[in-house]
Each structure stands twice: as C-alpha cells, then as structure tokens.
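In order, the protein sequences belong to chains F and W.
Residues 4 to 502 (my numbering) make up the first sequence, in order.
Residues 1433 to 1559 (my numbering) make up the second sequence, in order.
Glycine residues also receive a C-beta, built at the ideal position from the N, C-alpha and C atoms.
Bear in mind the structure is a predicted one, so any value in this text is a computation, not a measurement.
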Amino acid sequence: MRAFLDARSVPSGTVVDTDLAVIGGGPAGISLALALANARFKVLLLESGGMAFDGATQGLYAGEETGVRYLPLEASRLRYLGGSSNHWGGWCRPLTALDFEARSWLAYSGWPFPRAEIEPYFARAQSLVEAGPFIYDKTQKWAAALGAPIALGAGGVSTTFFQFSKQRDNILPTHFGERYAEDLKRVPNLSVMLHANVTGLRLSHDARSVDHLDVRTLTGKSFAVKPRYSVVATGGIETPRLLLASNDVMKSGIGNGHDLVGRFFADHPIPGNTAILVLFNGVLPSYYQTPQNAYGAWFRAALTPEEAFQRSRNVLCSLATIEAEVQLDSLGMAAVTETTAALGIEAANMRAFTLGCGMELAPDPDRRVALTGQRDALGMPRLKLDMRISDGDFAGYRATLSELGRQILAARTGMLRILHSTREQWLSVMDWGNHHMGTTRMDTDPRRGVVDANSRVHGVENLYIAGSSVFPTYGASNPTLNLLALTLRLADHLKWAIK
Amino acid sequence: MTVASNTSLPRRSVIVGALTGAIAIVTGLALYEAPRFFAPRYAPTPFDDLLALLPDRDSAIRIGSVARAGQKSWNANETASRLRSRLRSKTLATALADDLRTNGTVEVGGWILPETLAQLCTLTTKS
C-alpha cells in the first residue's frame, strides 16, 4: 500500500517525471486512476486539496457571477479528494439515445458518437457510484410490487426512474475520496499527491504538446511535473480556467484557437413548485415521492417527455418529480369540481401535490466562464460566470407540462395546474443542480469543439479532458453516472494510446 | 241504550293527533322544497340552454371569471354560437373527451382544462 504524497513536502524546483498525470481528484480523476490500475505506465493523480475541507483551498474557487442569479462559484463545488462527490445527492440516470443526436430543433446539438458507444461502460460506472443493479426504466416491473404507476394514459409524457448512489454501510451517496482512498493506495502503478495545485499547463514551443505542469502549494512550494500525457479532470468550471490561464504559448489559452473554451457553460435548472398535480383517486405510490428499495436498488420515479413528443413539439428533455402534498385554493377546487362532474369522474378522494423538475438547457455560447483580472492566492486568474437562461428554455418545459395536463385528464386520472407563466415567475423559484457542463465541448471539428471524440484537446497531442465539461449537450439526467461512463471509455483509449 | 262512552276517542286526543300530523306534513313539504327555495337564483341569460349543462354553476362562475380575464377579445354571442354548434349532436362529456383527445385544451389560471368547458364557463360572466 502506498501512502498518499503531500505536495507541501516536495522541495521547490523539483521535477517529477511520470507517464500520465491526472489533474483533479474528483469522481472522474479517481475513476480514471482506478481504471488504469495495472496499466503498463505510471500514473500520478494530483489533487489540489487534502482529505477534508479546508477553507483556504476552497477559497481558490471564488469568482464572480453575473446575469441570472446563480450560486457563488466557491459554494457549488468542493476542493478536496473526492471533489463535488463530497456533497452530491446521489441521483443517477443515464442520458438517453436522443440526448446524443443532432436534433434539428436544437442548435449546436449532436455528440460525435451515439449513446451505444458508452453503453458498455454504464455497468461499471453504476458500480463505482454504488447504485445497485443497472435497471432504470426496467424498474417499472420491480416497482409494481410497491403499487402500480400513475395511469398517465396515451400521450407525450411517461414515467421514468432515477436510481441512487448509496455508499456501502452508509446512508449517504458515494463520497469518492473517502470510499476509494484505500483502493487508490493499493494500485501499484499509481501515486496520489494531495495539496498539489496545477496552476499552468506549459506547452512546447510549437504548441503541439504539453511539456510540463506548474504545481504550487498554498505553503509556497513550487515545482514541476513532467508527464508524457495529461488528463485534466477538474470539472466544468476549473477545467476551462486552467486552459485559459495557460496562455504563455497560445495567447488565447490552450485549445482555444476558435474561442470555445469556457463557452457553452450549462447547469440543470431545478425550479421548485413548477406545477400542481391532482390525482383523482388520491393514490400515489411511494416511489414517486421518496426513494424506495427493491432488490438492492434505490429508485424514484419521475415524469419525462417521450422521445416522440420531444421530436414532434421541438422540446428538450425534463424530469419532473412529485414533491409535497398541498391544499387547493378556491380556483383549484372549482376547476376539479366542475371538470370531474362534467366528465362523470369520481374525485371524492382526490389529493394534490407540487411538482419540481430538472430541465435541459439549450446550448448557448454566450453562457460562459471567462478570466478576470483578479488573482487567487496562487497567482492564478479568477473566473467570472455570465449565467443565462432563455425564454425558450422555459417555454419548452411549459409545453411538456401542458401535455401532461391534457394527457392525465384524458386518462381520467388527474389534472394539472402550471404555476408560472412569466420569466420573472420562473426565475423567482429558480435553483440549480450544481452540474457544471459544456465548457470544453466535444466535436470532431475543432471549429465546433475543444476536444475530439476521444476527449483529446484538438491540436495538442498529449492532452485529454475527463468529466462533464466535454458534454456538447446536457440532457436532463444528472451528469455523474454519464461522465464516469465517458471516463472509463477514455481509460480504455489511453491504455491503447500510451505506449 | 246509548253507545258506551269508553269506545270513542277523547276529543283532546283527536285534536293533538291532527295537529301532529299537520305539523309533520308541513315539515316534510318544507324540507322537500327548501333547496329550491334557498337555492341561489341566477339572473336569466340568453345562454341558459348552455349554462344548464354545467354541473356546478358556482364553480363555473369562478372558472369563468378567470378565463374571461385571460382573454383579450371575447364575444358572448359568438362564443355561445360556437358552443351550440359543437354541442348540437354530442353530450358535454363527449365534447370534453374530444377536446382532450385532440389537444383542445386551454389554461385557466394555470389549470389545463378542455376548451369547451372553459368557454362554457365564460358565459356565466355575462348576465
């Protein structure tokens, strides 16, 4: 077992040689390191923080936010081993096949490969997040024992399922640092160095390869790592920051020859109380409101637009969850009374619930992170996030809700009230998922993407990026399971590429 | 010989019995007629043939006022004419089911309702 190294004890001026440097000890970095166990090359995992939260290290994340109200940059991520898995909610769901397609109604859409390309990696990704057997939409059969799903009838919305990460012997989701620390120590070809902040990727003079990494500590140490290959796995905000700040050779930043690095930032809006759903018979299976366990899997149902509906109505994906039970106001009582009586529906036991949701955003190049003139304690330029959400994003979700309302009433099962119609109303209930995506997007064309289909930075032969920053579109599914599948695919590529 | 006096009802008993019966009849009639007597009375409208289809007038008034507020231009006679045409050969329940099947829904205060029902309710706002 190899103990973790501490960068604060490395003498300044040292040059550390390795075959592959993995920058960032979050879920992507840790999973990549474990997947490369017993590879024929040496791996060095560099993590900025230590084993626990530290205020000074966390403060390196601080920046500015403009535009639509968003979380402070230092609040939505955690900078120690395990990264943001140290505070995630554990929600897991694979992206759908449609999420990977170039959709005619969605500019900038289309991954360079179909979902089938990463499907072989979902089972291992599921195992890494400890979310039980990979069942997802087959869950409906298993869930039936806990109650038949809501009879939505024929239409554009259907029930789908999340599964949940649960760290072994714990009620919390998998915290990758805590969970895999001992496993990392057992990997013979791996060294893990904590408190190691990579402040620059230094390119060769011809800009075709990374020559070395600048590493600094908050205690004032400064040394270099000289890898043959590098993978940046620092998340959707810090990854573009590092590329943009590494601008001594390429003045616009590494991989930024077409001004794409930092653009197309996305998160999942999760507005609360978007609608009220009435169920006429008052019966709501428990798995719609809280995670339930069956056969070793924790799962919870959500309502999502079917692929055919998305195509026909040009809407994006969303996942609506049923939340708290509520009482109807006088208009609600009148609506239910009149409608059910006119249709001859029995509703004496009716109950009403609020809906929350996670929405897919349309890619927007102007929603971006960019460097500012401010510098952090290590001398790295800080970031500013210009956060945006379009009226079209809200309109698409409203269309899905409207279809759900039509469909569930046609099925004589319930009714729906959409609670928000103006932009101001939507923004007043806005919250965000802390899912940072899109800022080094993937495309085979360097004019449209920062990385190619193998997550290699265009034009830099030995630099790769792992994580959700490479997502060209975002889906409505939480990104962790999906970025892990991508990362495991990258691991297989590196085993072939690194000679 | 006269009929023995112990075979006839005392006069007081007859009077009490008759009064009790009368009170019961009056009470029964009152209970029977009370809903009609105390029911809300709505001013007659030219659309009473349509409004009679609504199962709950008060709920319809509540819905109708919100639906009307949400419409920039609304004409009662035109609305009634369209509804009569739509409901000429089908029941209200069938018309509503048809609306739901063909995406004929509208939002009233956010509630997704069959269009026919929402339009019918707007007529309650025209006295």
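- Each of Glu-406/F, Gly-239/F, Ala-338/F, Ile-348/F was checked against the Cα of Val-318/F, and the nearest Cα belongs to Glu-406/F.
- Taking 3 residues as the shortest admissible run, the segment 197-279 of chain F contains the following complete beta strand (DSSP E) segments, listed from N- to C-terminal end: 200-206, 213-219, 225-235.
- In the DSSP assignment, Asn-296/F falls within the beta strand (DSSP E) that extends over 295-297.
- Of all residues in the segment 131-163 of chain F, none places a beta-carbon less than 7 Å from a beta-carbon of chain W.
- Nearest to Asp-1488/W by alpha-carbon distance, out of Arg-231/F, Thr-343/F, Glu-68/F, Gly-85/F, is Thr-343/F.
- Between the alpha carbons of Leu-1485/W and Phe-1479/W lies a distance of about 10 Å.
- Shown here, Val-286/F sits in coil according to DSSP, grouped into three states, outside any helix or strand.
- Excluding residues up to 5 positions away in sequence, Ala-100, Phe-103 lie with their Cβ nearer than 6 Å to the Cβ of Arg-118/F in the same chain.
- Residue pairing of Met-390/F in beta bridges, as defined by DSSP: Gly-70/F.
- Among the residues of chain W, those whose CB is under 8 Å from the CB of Arg-420/F are Gly-1541, Gly-1542, Trp-1543, Ile-1544, following chain order.
- Leu-322/F is a Cβ neighbour of Gly-361/F, given a cutoff of 7 Å.
- In this model, Asn-352/F and Gly-335/F are separated by some 15 Å (Cα to Cα).
- A straight-line Cα-Cα distance of about 11 Å links Val-213/F and Leu-23/F.
- A distance of 7 Å or more separates the beta carbons of Arg-378/F and Val-71/F.
- Boundaries of the beta strand (DSSP E) harbouring Glu-328/F: 321-329, taken from the DSSP string.
- At a Cβ-Cβ threshold of 7 Å, Arg-43/F and Gln-61/F do not count as neighbours.
- Closer than 7 Å to the CB of Thr-277/F there is not a single CB belonging to chain W.
- Residues of chain W whose Cβ lies closer than 8 Å to the Cβ of Glu-341/F are, in chain order, Leu-1486, Pro-1487, Asp-1488, Ser-1491, Ala-1492, Ile-1495, Leu-1549, Cys-1553.
- The segment 278-286 of chain F and the segment 369-378 of chain F do not touch, with fewer than three beta-carbon pairs separated by less than 8 Å.
- When DSSP states are grouped into helix, strand and coil, Glu-77/F belongs to the coil group.
- The CB of Arg-409/F comes closer than 7 Å to the CB of Leu-1532, Asn-1535, Thr-1537, Ile-1544 in chain W, given here in chain order.
- Of the residues Leu-84/F, Leu-155/F, Gly-28/F, the one whose Cα lies closest to the Cα of Ile-411/F is Leu-155/F.
- Contact check for Ala-1492/W against Thr-1556/W passes: the beta carbons are separated by less than 7 Å.
- Nearest to Val-1540/W by alpha-carbon distance, out of Cys-1553/W, Leu-1461/W, Ile-1457/W, is Cys-1553/W.
- Take the alpha-carbon of Thr-293/F and the one of Gly-478/F: they are about 22 Å apart.
- The three-state secondary structure of Asp-9/F, taken from DSSP, is strand.
- Look at Ala-1525/W: its C-beta is under 7 Å from a C-beta on chain F.
- Rounded to whole angstroms, Gly-85/F and Gly-92/F show a C-alpha spacing of 14 Å.
- By the CB criterion at 7 Å, Phe-302/F and Thr-177/F fall outside the cutoff.
- For the 7 Å CB-CB criterion, Phe-116/F and Ala-456/F form a contact.
- Contacts with chain W (Cβ-Cβ distance below 7 Å) from the segment 343-354 of chain F involve Ala-344, Ala-345, Leu-346, Gly-347, listed in chain order.
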